[in-house]
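Visitor:
Numbering (full-length UniProt numbering), first residue to last: 1 to 180.
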């Protein structure tokens, strides 16, 4: 500051300029009766994030209509916020309450079916269906068991053939090594 003044007014000394500026700055400082100091802000990340969120909430509160508020809320995401993210074949942990809310159902802790189902089909038909289903399930289990055993036998046969082939190659290699 003083160098620019010195260059512009070369005849004055720096001391005179300093005294003049000090005199006028002290007069302006004395004229204020009550000093206003800004509030001290917390500069941590959480505090900055909180202030940013409060500013956004106040901006949304100032909007007048519901449509403006909805647009103001959804515009940062362009298409809006995801309200539910379900994927087929993936059941989140502890999701029974959520599933009950969606389907408007509730669970009855009872080992019996409601009485309505007793009149739908007779017990003789149920027993016949159970026998048919039971036979099909037994056949499926037997088929899977045999198929897996056959698969295991095949892999064992392949492993033994590989071992025999490796032994044969090793013997040939050793034979030709001894001839040389």
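Yeah, the Cβ is synthetic: ideal placement off N, Cα and C, and Gly gets one too. Treat the numbers as computed from the prediction; the structure is a model and nothing was measured.
If I follow the unbroken alpha helix (DSSP H) through residue 66, where does it start and stop?
Guide: Counted from its first residue, the chain shown places residue 66 at position 66. Its alpha helix (DSSP H) spans residues 66–74.
Visitor: Measure the C-alpha to C-alpha separation of residue 85 and residue 102 and round it to an integer number of angstroms.
Guide: Translated into positions along the chain shown, residue 85 becomes position 85. Translated into positions along the chain shown, residue 102 becomes position 102. Cα-Cα distance, rounded: 13 Å.
Visitor: Where does residue 123 fall in DSSP's three states?
Guide: Taking the chain shown and counting its residues from 1, one reaches residue 123 at position 123. In the structure shown, residue 123 sits in a helix (DSSP, three-state: H, G or I).
Visitor: Would you grab the beta carbon distance between residue 106 and residue 97 for me? Rounded to a whole angstrom, and I think it's under 8 Å.
Guide: Working through the chain shown from its first residue, we reach residue 106 at position 106. Working through the chain shown from its first residue, we reach residue 97 at position 97. Incorrect: roughly 10 Å between the Cβ atoms, too far for contact.
Visitor: In its own chain, which residues sit with a C-beta less than 7 Å from the C-beta of residue 77, not counting the 5 before and 5 after it?
Guide: Here residue 77 is taken as the residue at index 77 of the chain shown, counted from 1. No residues qualify anywhere along the chain.
Visitor: Whose C-beta lies closer than 6 Å to the C-beta of residue 63 among residues of the same chain, with five residues either side of it excluded?
Guide: Indexing the chain shown from 1 puts residue 63 at position 63. So the list reads 69 and 72, once near-sequence residues are dropped.
Visitor: For residue 2, does the three-state DSSP call read helix, strand or coil?
Guide: Counting from one through the chain shown, the residue named residue 2 turns up at place 2. Residue placement at residue 2 cannot be trusted, given a pLDDT of 49 that sits under 50; the coordinates are not used to answer.
Visitor: Just how far apart, CA to CA, sit residue 130 and residue 118?
Guide: Counted from its first residue, the chain shown places residue 130 at position 130. Counted from its first residue, the chain shown places residue 118 at position 118. Looking at the two C-alpha atoms, the distance is approximately 16 Å.
Visitor: Per DSSP, what kind of secondary structure is residue 170 in: helix, strand or coil?
Guide: Residue 170 sits at position 170 when you count from the first residue of the chain shown. Looking at residue 170 - three-state DSSP - the assignment turns out to be helix.
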